[in-house]
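Residue numbers (numbering that gives the first Met the number 0), protein chains in the order written: chain A, 0 to 824; chain B, 0 to 135.
Don't be surprised by glycine CBs; every beta carbon is placed ideally from N, CA and C.
Report on one structure; see the data block that follows.
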Amino acid sequence: MDTVFKGEHLLPGQIGQFFLVLAFGAALLSFISYYFSTTDDAGKPGGTWQKLGRIGFYINSLSILGIGACLFYIIYNHFFEYHYVWAYTSKTLPVRYIISAFWNGQEGGFLLWIFWQAVLGIVLIWKAGTWERPVMTVVALSQVTLATMVLGINVLGVHLGSSPFLLLRDFMSASEAPIFKSPDYMSFIKDGQGMVPSLQNYWMIIHPPTLFLGFAAMVVPFAYAVAGLWQKRYKDWVAPSIPYALFACMILGTGVVMGSFWAYESLNFGGFWAWDPVENASIFPWITMVAAVHVLIVYKNTGHSYFTATFLMLISFVLVWYSSFLNRSGILGDTSVHSFTDLGMFWQLVTGILIFFVMSVWLLISRWKELPITKKDEETYSREFWMFVGAVFLGLSCFHLLVVTSVPVWNAMFGFNIAPPAEKARMIHYNVIQSSFVFVITILTAFTQFLKYKKTDVTKFFITTAVYLVFSILITALVVYATGLYKLNFVFVLVMCGSIYSVIANGKVLADAFKGKFKLAGSAVAHIGFGLLMVGALISAGTSTVISINNTGESYSAEFAKDENPRENILVYRNEPQKMGDYTVTYLGDSLNLPDHFYKVNYRRVDATGKVAEDFTLYPKVQVNKGSLASSPDTRHYLFHDLYTHITMTNSASTSEEKGVAGEEEAPKDDTKDYDPAVPHEVAVGDTIRFREGYMVLKQLNNGVKLQNIAASEVLVSVGAELEIVTHGKTYHTAPVYMLKKNGGVFDFPTKVEEAGLKLQFSKIIPDKKKVEISVYQQPESAKKYIVMRAIKFPYINFFWAGTIIMVIGFFLSILRRNKEVKAV
Amino acid sequence: MKKSSIFGLIVIAIAIAVIISVYSSTSSYGNFNDAKQTTSELKVVGRLNKQKELHYDAVKDANYFSFYMRDTVGNECKVVFTGTKPEDFERSEQIVLTGKMIGNEFHASNILMKCPSKYTQDKLETKEYKAKQASI
Numbered sequence: 000m001d002t003v004f005k006g007e008h009l010l011p012g013q014i015g016q017f018f019l020v021l022a023f024g025a026a027l028l029s030f031i032s033y034y035f036s037t038t039d040d041a042g043k044p045g046g047t048w049q050k051l052g053r054i055g056f057y058i059n060s061l062s063i064l065g066i067g068a069c070l071f072y073i074i075y076n077h078f079f080e081y082h083y084v085w086a087y088t089s090k091t092l093p094v095r096y097i098i099s100a101f102w103n104g105q106e107g108g109f110l111l112w113i114f115w116q117a118v119l120g121i122v123l124i125w126k127a128g129t130w131e132r133p134v135m136t137v138v139a140l141s142q143v144t145l146a147t148m149v150l151g152i153n154v155l156g157v158h159l160g161s162s163p164f165l166l167l168r169d170f171m172s173a174s175e176a177p178i179f180k181s182p183d184y185m186s187f188i189k190d191g192q193g194m195v196p197s198l199q200n201y202w203m204i205i206h207p208p209t210l211f212l213g214f215a216a217m218v219v220p221f222a223y224a225v226a227g228l229w230q231k232r233y234k235d236w237v238a239p240s241i242p243y244a245l246f247a248c249m250i251l252g253t254g255v256v257m258g259s260f261w262a263y264e265s266l267n268f269g270g271f272w273a274w275d276p277v278e279n280a281s282i283f284p285w286i287t288m289v290a291a292v293h294v295l296i297v298y299k300n301t302g303h304s305y306f307t308a309t310f311l312m313l314i315s316f317v318l319v320w321y322s323s324f325l326n327r328s329g330i331l332g333d334t335s336v337h338s339f340t341d342l343g344m345f346w347q348l349v350t351g352i353l354i355f356f357v358m359s360v361w362l363l364i365s366r367w368k369e370l371p372i373t374k375k376d377e378e379t380y381s382r383e384f385w386m387f388v389g390a391v392f393l394g395l396s397c398f399h400l401l402v403v404t405s406v407p408v409w410n411a412m413f414g415f416n417i418a419p420p421a422e423k424a425r426m427i428h429y430n431v432i433q434s435s436f437v438f439v440i441t442i443l444t445a446f447t448q449f450l451k452y453k454k455t456d457v458t459k460f461f462i463t464t465a466v467y468l469v470f471s472i473l474i475t476a477l478v479v480y481a482t483g484l485y486k487l488n489f490v491f492v493l494v495m496c497g498s499i500y501s502v503i504a505n506g507k508v509l510a511d512a513f514k515g516k517f518k519l520a521g522s523a524v525a526h527i528g529f530g531l532l533m534v535g536a537l538i539s540a541g542t543s544t545v546i547s548i549n550n551t552g553e554s555y556s557a558e559f560a561k562d563e564n565p566r567e568n569i570l571v572y573r574n575e576p577q578k579m580g581d582y583t584v585t586y587l588g589d590s591l592n593l594p595d596h597f598y599k600v601n602y603r604r605v606d607a608t609g610k611v612a613e614d615f616t617l618y619p620k621v622q623v624n625k626g627s628l629a630s631s632p633d634t635r636h637y638l639f640h641d642l643y644t645h646i647t648m649t650n651s652a653s654t655s656e657e658k659g660v661a662g663e664e665e666a667p668k669d670d671t672k673d674y675d676p677a678v679p680h681e682v683a684v685g686d687t688i689r690f691r692e693g694y695m696v697l698k699q700l701n702n703g704v705k706l707q708n709i710a711a712s713e714v715l716v717s718v719g720a721e722l723e724i725v726t727h728g729k730t731y732h733t734a735p736v737y738m739l740k741k742n743g744g745v746f747d748f749p750t751k752v753e754e755a756g757l758k759l760q761f762s763k764i765i766p767d768k769k770k771v772e773i774s775v776y777q778q779p780e781s782a783k784k785y786i787v788m789r790a791i792k793f794p795y796i797n798f799f800w801a802g803t804i805i806m807v808i809g810f811f812l813s814i815l816r817r818n819k820e821v822k823a824v
Numbered sequence: 000m001k002k003s004s005i006f007g008l009i010v011i012a013i014a015i016a017v018i019i020s021v022y023s024s025t026s027s028y029g030n031f032n033d034a035k036q037t038t039s040e041l042k043v044v045g046r047l048n049k050q051k052e053l054h055y056d057a058v059k060d061a062n063y064f065s066f067y068m069r070d071t072v073g074n075e076c077k078v079v080f081t082g083t084k085p086e087d088f089e090r091s092e093q094i095v096l097t098g099k100m101i102g103n104e105f106h107a108s109n110i111l112m113k114c115p116s117k118y119t120q121d122k123l124e125t126k127e128y129k130a131k132q133a134s135i
């Protein structure tokens with residue numbers, strides 16, 4: 000290009016781009032070197048290939064840091080000539096969100112993934128010992144594949160990846176936006192697009208890194224499984240890979256639930272899980288990896304189920320790529336709420352899946368005859384057999400999610416025209432089918448605890464199992480009755496029973512653990528956590544109730560009235576208390592902290608004796624971004640339930656700082672249109688004026704009121720009418736002024752009481768009657784400030800969060816234990 | 000027969016059951032004419048008719064929103080949604096409705112819309128609006 004553009008900072012981008020290419024090249028070098036160190040240098044300690052592999056990987060890691068530094072530099076300095084900076088940040092973006100701007104775009108997501116994979120790679124170089132060469136070959140290959148996703152260069156006519164250092168003027172084609180032909184186009188680009196307000200949230204800072212660490216961690220057990228097949232060390236790879244597999248499960252699980260908490264806390268999804276394709280895709284690898292861990296332990300203890308263990312390990316990583324494909328290729332299109340843009344990398348992402356899929360299949364086929372597959376049947380009363388069954392059911396649960404979520408993929412592949420289950424049907428479909436699997440799984444996690452590894456005393460087993468089962472059924476009956484869960488599909492009652500059974504049975508194991516069998520504590524804690532998580536999910540999703548049911552609206556047509564849709568949104572005018580279920584809600588006012596517009600919504604509940612049982616104020620907010628509104632809920636947390644409130648519509652969101660303050664004098668402007676026609680009242684001191692929503696009393700007339708902008712010398716008379724206004728149980732004071740100037744001019748200075756929707760004008764003095772005239776302007780019903788809100792009560796949701804935390808602790812304890820076993824070997 | 004073979008058969012049976020149940024609960028895409036023929040819910044893709052009135056008046060009824068949409072083959076139909084007007088509805092490029100015909104009105108239980116990102120025409124944002132809360 001011949002044009003010399005002014006005001007651009009090209010250097011940081013060029014350095015960044017250099018690091019991108021270097022990261023790719025170094026990863027490739029590392030992959031090739033590790034490959035040859037595994038094949039050619041086999042058995043030799045040290046060796047040039049291994050050295051080269053390490054050097055390549057270190058250079059790759061350093062380049063990734065370099066990329067990060069360059070990206071940070073251009074974001075921090077607001078270099079809007081870069082598309083990434085322009086698209087996701089603005090000058091007004093608070094500094095703490097600069098970090099999250101990093102992974103706002105898809106390129107950033109890939110960078111996070113590459114970064115974590117590099118960190119894990121370095122850990123492996125340090126710890127993997129004899130496994131380093133084959134395992135690092137796989138990790139480096141994954142690093143190469145990921146690096147191509149952010150390269151952003153043309154190789155042999157194919158555009159590979161999308162670079163975060165792409166210039167804005169290259170992003171916009173010159174024909175669409177001729178401005179980019181002009182050498183001084185930068186002087187027109189004053190600010191970036193800014194971050195979407197709903198992402199300006201602290202969860203955006205911690206959720207993506209956790210999730211991507213989880214995804215990245217999946218590569219390690221995968222690499223071990225591949226290495227085991229490749230090197231024909233079918234037994235050895237199991238022990239060292241278990242801690243990494245547990246780690247991946249722990250982190251990915253945490254990341255997913257963080258996303259769920261974010262959605263619940265600050266997005267308006269109205270729940271913590273919606274079976275959205277993007278949500279489903281993120282748990283595929285988690286489910287299969289949890290299954291894989293269980294089967295690995297089976298294999299380790301008995302030598303059975305080698306194929307299943309390896310298969311689940313391999314498929315988990317392939318699913319990581321598949322879910323990445325679903326989220327980033329744009330194929331989900333109109334089936335998901337999450338907005339992901341298509342970077343035009345469809346086939347590149349498909350290639351990514353295929354590399355790892357074909358590699359897995361090929362290894363399994365070529366090693367098939369040598370695989371240590373046992374012909375002997377497993378013992379029915381052994382813990383391993385039922386662990387295996389449980390893992391298969393986990394696999395089936397994932398299979399179901401995969402089949403439904405991939406409907407757009409089936410459409411694309413086979414030319415179908417089917418739509419995923421529609422809204423209501425979708426929730427029922429997923430909930431019922433997944434619950435059936437979960438029921439089986441929870442029951443298995445319970446009674447398997449009473450079985451011994453390998454062989455069990457059958458009579459004793461049946462007695463214990465039955466005793467605990469009866470006990471759990473009793474508790475379940477209580478819980479189901481108390482929460483009203485019995486009104487739902489029976490399968491949910493079964494899941495409740497299974498979950499409680501699991502919590503109790505594993506509670507017993509945990510109690511034993513404290514008596515000395517501490518080894519089993521990790522799995523017991525994780526199972527208890529999972530059981531509690533299910534209990535919380537069942538009760539809160541199953542029995543959540545919308546308390547903002549509103550049956551006051553006018554019906555527009557006979558058909559509409561017949562429709563039994565619950566009317567879940569309630570209209571609340573400012574300062575007019577509104578009955579809502581057990582509560583009285585009042586919209587008290589607003590507070591602004593741009594871009595956030597908070598609404599003060601007061602909740603009051605009076606109990607039977609007339610005492611105030613609850614009285615609190617929630618601040619749901621609406622964010623105004625370039626003329627469009629996005630609302631976030633606010634939630635009142637109790638130990639046993641949450642009260643969730645969110646604004647669905649309002650007429651009082653404002654983008655500017657202007658805000659009516661009671662009694663403040665304002666520059667006269669024509670706002671008569673905002674009010675109903677004035678009603679004049681002739682009153683004397685002490686008289687009362689009634690208006691639609693209350694009354695006001697003229698307390699007194701103050702002579703000689705001073706006004707800011709008018710010199711006292713010009714004024715002949717100035718009188719303020721002190722009014723006390725009472726409306727909806729609140730009292731306001733204001734004083735409109737009437738003034739005569741020495742030059743004969745007559746002025747009046749009306750005042751506004753925004754909260755009461757009033758404008759008051761001191762329009763006349765009538766000396767003969769000793770009265771004054773006050774004109775009352777009322778806001779028409781439709782101009783009154785209002786919010787339309789939806790409130791939902793989620794009972795026992797804390798079980799869901801607590802269960803998750805307990806499960807994560809369980810995973811952590813298991814990692815400690817399995818890590819010890821590796822060292823012992 | 001060996002225990003593992005029996006178990007394998009059970010697993011295959013469950014897998015087939017899953018596929019059948021998924022297939023039976025999927026809905027289909029159609030247009031307003033198709034919607035008139037059936038009583039079950041289906042998805043209709045189309046564009047908002049910006050000339051005709053979008054009706055939402057929170058003061059009269061906070062849960063009633065109606066508009067006119069033209070489907071992909073050109074039929075126009077009045078659409079009623081029990082809920083509030085989705086944010087940025089006027090700017091939508093494309094709408095995917097889920098619902099069914101009741102009389103001459105299409106009653107949507109779900110509205111999913113695609114908006115052009117304000118500055119870059121080649122990027123689309125997707126937003127979804129549900130008439131009902133997520134529940135089991």
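Item                                                                                                                                 : Value
Near-chain B residues of the region 386-407 of chain A (beta-carbon distance less than 8 Å), N- to C-terminal order                  : V388, V391, L395, F398, H399, V402, V403 and V406
F559 (chain A), buried or exposed, once every other Cβ within 10 Å from all chains shown has been counted against 16                 : With a pLDDT of 44 at F559 (chain A), under the threshold of 50, the modelled position of that residue is not reliable, and no figure is offered here.
Contact between the region 394-401 of chain A and the region 350-362 of chain A (3+ Cβ pairs under 8 Å)                              : no
C-beta atoms of Y602 (chain A) and V584 (chain A) nearer than 9 Å                                                                    : yes
Close Cβ partners of L700 (chain A) (< 8 Å) along its chain, the five nearest in sequence each way excluded                          : V684, V718, G719, A720, E721 and V771
For N103 (chain A), the three-state DSSP class (helix, strand or coil)                                                               : coil
DSSP three-state assignment for G29 (chain B), whether helix, strand or coil                                                         : strand
Residues of the region 60-82 of chain B whose Cβ lies closer than 9 Å to any Cβ of chain A, in chain order                           : D60, A61, N62, Y63, S65, V79, T81 and G82
Stretch-stretch touch, CB-based, cutoff 8 Å, three pairs: the region 57-77 of chain A with the region 23-33 of chain A               : yes
Three-pair Cβ contact test at 8 Å for the region 270-289 of chain A versus the region 199-209 of chain A                             : no
Residues of the region 786-800 of chain A with Cβ closer than 7 Å to any Cβ of chain D, in chain order                               : Protein chains in the displayed structure are A and B, and chain D is not among them.
Any chain A beta carbon closer than 9 Å to L191 (chain B)                                                                            : Absent from the model: residue 191 (chain B). The displayed extent of chain B is 0 to 135, so no value can be given.
8 Å contact criterion, which G193 (chain A) and L92 (chain A) should meet: CB distance rounded                                       : 6 Å
Rounded C-alpha distance that separates Y81 (chain A) from S89 (chain A)                                                             : 12 Å
Contacts that I5 (chain B) makes with chain A (C-beta to C-beta distance below 8 Å)                                                  : Under the 8 Å cutoff, chain A gives no residues; its nearest Cβ is about 11 Å from I5 (chain B).
Residues of the region 18-50 of chain B whose Cβ lies closer than 7 Å to any Cβ of chain A, in chain order                           : I18, S20, V21, S24, T25, S26, S27, Y28, E40 and K42
Validate contact between the region 0-14 of chain A and the region 92-107 of chain A using beta carbons, cut 8 Å, 3 pairs            : no
Residue-chain proximity (E86 (chain B), chain A), Cβ-Cβ < 9 Å                                                                        : yes
Backbone secondary structure at F834 (chain A) - three-state DSSP                                                                    : Residue 834 (chain A) lies beyond the stretch modelled for chain A, which goes from 0 to 824, so this question has no answer here.
Buried or exposed (CB count within 10 angstroms, at least 16 for buried), F529 (chain A)                                             : buried
Burial state of M344 (chain A) (16 or more Cβ within 10 Å)                                                                           : buried
is_contact[I15 (chain B), chain A] using C-beta, thresh 9 Å                                                                          : no
Closest by C-alpha distance to G45 (chain B), when choosing among B:F31, B:K51 and B:F64                                             : B:F31
Whole-number beta carbon distance between A216 (chain A) and A832 (chain A), since they are thought to touch under 8 Å               : It is not possible to answer for residue 832 (chain A), since the shown part of chain A is limited to 0 through 824.
The region 66-78 of chain A / the region 98-115 of chain A touching (three or more Cβ pairs under 8 Å)                               : yes
Proximal residues of chain A, C-beta to C-beta of A57 (chain B) below 7 Å                                                            : L570, M648, Y785 and V787
Pairwise C-alpha distance: F387 (chain A) and R53 (chain A)                                                                          : 38 Å
Under 9 Å by beta carbon: chain B residues contacting P420 (chain A)                                                                 : V21, S24, T25 and S26
Of the listed residues B:E52, B:L8, B:T81 and B:Y63, nearest to N109 (chain B) (C-alpha basis)                                       : B:T81
Three-state class that DSSP yields for V696 (chain A) in the structure shown                                                         : strand
Chain-order list of residues whose beta-carbon lies under 6 Å from that of I499 (chain A) (same chain, five-residue window excluded) : S471, I474 and T475
Rounded separation between A557 (chain A) and F64 (chain B) - CA only                                                                : Unreliable positioning characterises A557 (chain A) in this predicted model, as indicated by a pLDDT of 42, which lies under 50. The coordinate reading is nonetheless provided below. Each residue's Cα considered, the two are about 15 Å apart.
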